[in-house]
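Data block below; observations after.
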Amino acid sequence: MSGLTVISGPTAVGKGTVVRYLLEHFDDIHLSVSATTRDPRPGEIDGVDYFFLNREEFELLIETGQMLEYATVHGINFYGTPRQPVETAIAAGKHVILEIDIQGARQVKASRPETKTIFIAPPTWDDLVARLKGRGTESEAEQATRLATARVELEAQKEFDFVVINDEVARCAHEVLELMKA
Ligand code: 5GP
Numbered sequence: 018m019s020g021l022t023v024i025s026g027p028t029a030v031g032k033g034t035v036v037r038y039l040l041e042h043f044d045d046i047h048l049s050v051s052a053t054t055r056d057p058r059p060g061e062i063d064g065v066d067y068f069f070l071n072r073e074e075f076e077l078l079i080e081t082g083q084m085l086e087y088a089t090v091h092g093i094n095f096y097g098t099p100r101q102p103v104e105t106a107i108a109a110g111k112h113v114i115l116e117i118d119i120q121g122a123r124q125v126k127a128s129r130p131e132t133k134t135i136f137i138a139p140p141t142w143d144d145l146v147a148r149l150k151g152r153g154t155e156s157e158a159e160q161a162t163r164l165a166t167a168r169v170e171l172e173a174q175k176e177f178d179f180v181v182i183n184d185e186v187a188r189c190a191h192e193v194l195e196l197m198k199a
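This is how it looks when you write it as structure tokens:
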């Protein structure tokens with residue numbers, strides 16, 4: 018089942034939980050570890066959750082062609098996918114998942130049209146707002162920024178190959194897996 022799948026969706030939709038479910042339940046799936054210039058949150062580990070870089074380090078990777086895609090997310094920080102680990106995992110017969118924003122999804126689809134792009138959507142807008150407030154990891158100002166981004170992202174779902182509603186994690190993950198295998 019080698020190949021490349023991009024998973025995107027608005028903040029707090031539960032993309033991370035769905036991806037973790039896939040990694041725990043199915044073999045031969047490799048999750049790309051992104052690089053970012055944002056600060057680590059409590060408990061996040063460098064090289065596991067992200068490669069935490071400063072702006073100079075990140076820009077060097079862009080300039081030397083080592084980013085498969087990158088974007089400025091929420092107007093503040095750089096996020097990007099290091100190219101080499103993705104190539105290596107695909108060559109080893111793995112199915113690689115990129116959990117990235119819609120700007121990155123567009124770039125990957127443009128450079129590798131065979132990529133499957135899947136948008137994870139919330140059951141309703143109110144549900145998304147409740148999940149973001151409920152997890153309580155962002156300040157009120159940051160929540161407002163993320164919800165503004167989420168509105169724009171929900172508009173972009175029609176650009177994706179598939180839209181999957183995250184009404185229940187296991188069900189959503191199985192639907193994503195079927196799409197990856199198809
Ligand atoms: P967070 O700061 O909550 O970890 O992530 C914020 C946003 O950055 C999420 O929407 C996530 O999908 C996006 N993101 C994470 N890694 C990448 C990446 O490598 N490339 C792009 N384009 N977006 C990313």
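Sequence positions in the sequence shown follow my numbering and run 18 to 199.
All residues carry an ideal CB built from backbone N, CA and C; glycine is no exception.
Separation of Gly-20 from Glu-176, as counted between CA atoms: Here residue 176 refers to the residue found at position 159 of the sequence shown. Here residue 20 refers to the residue found at position 3 of the sequence shown. Approximately 20 Å, taken between the alpha carbons.
Secondary structure of Asp-178, DSSP reduced to three states: Taking the sequence shown and counting its residues from 1, the one referred to as residue 178 is at position 161. Here Asp-178 carries a coil assignment [DSSP, helix/strand/coil].
Quick check: the Cα distance between Ala-88 and Gln-120, rounded to an integer number of angstroms? Here residue 88 refers to the residue found at position 71 of the sequence shown. Here residue 120 refers to the residue found at position 103 of the sequence shown. Roughly 6 Å separates the two Cα atoms.
So, does the CB of Leu-171 fall closer than 8 Å to a CB anywhere in chain B? Considering every chain present, this structure includes no chain B. It has just one protein chain.
Three-state secondary structure (DSSP) at Gly-110? The residue you call residue 110 lines up with position 93 of the sequence shown. Collapsing the DSSP output to three states places Gly-110 in coil.
How about His-35: is its Cβ closer than 7 Å to a heavy atom in the ligand 5GP? Here residue 35 refers to the residue found at position 18 of the sequence shown. For the sequence presented, residue 35 should be read as Val rather than His. Not under cutoff, so the answer is no.
Ranges of the beta strand (DSSP E) found wholly within the stretch 70 to 135, counting only runs of at least 3: 84 to 90, 94 to 99, 112 to 116, all fully within the stretch 70 to 135.
In whole angstroms, what is the alpha-carbon distance linking Glu-159 and Phe-69? Walking along the sequence shown from the start, residue 159 turns up at place 142. Walking along the sequence shown from the start, residue 69 turns up at place 52. The straight-line gap from Cα to Cα measures roughly 20 Å.
Does the Cβ of Ile-79 lie closer than 7 Å to at least one heavy atom of the ligand 5GP? In the sequence shown, the residue the question calls residue 79 occupies position 62. Because no heavy atom of the ligand 5GP lies under 7 Å away, the Cβ of Ile-79 does not count as near it: no.
Would you say Thr-53 and Tyr-96 are within 8 Å of each other, going by their C-beta atoms? Counting from 1 along the sequence shown, the entry for residue 53 is found at position 36. Counting from 1 along the sequence shown, the entry for residue 96 is found at position 79. Taking 8 Å as the Cβ cut-off, Thr-53 and Tyr-96 qualify as a contacting pair.
Based on Cα-Cα distance, which residue from His-47, Gln-83, Val-35, Val-125 lies nearest to Val-186? For the purposes of this step, residue 186 is taken as residue 169 along the sequence shown, with counting starting at 1. Nearest C-alpha to Val-186: Val-35.
Cβ neighbours of Lys-133 in the same chain (closer than 6 Å, five flanking residues each side left out): Start at 1 with the first residue of the sequence shown, and residue 133 comes out as number 116. Result list for Lys-133: Thr-22, Asp-178, in chain order.
Determine the contact status of Leu-149 and Leu-164, defining contact as a CB-CB distance below 8 Å. Within the sequence shown, the letter at position 132 stands for residue 149. Within the sequence shown, the letter at position 147 stands for residue 164. Yes.
Which of the three DSSP states is assigned to Val-65 in this structure? Reading the sequence shown from its first residue, position 48 is the one you call residue 65. Collapsing the DSSP output to three states places Val-65 in coil.
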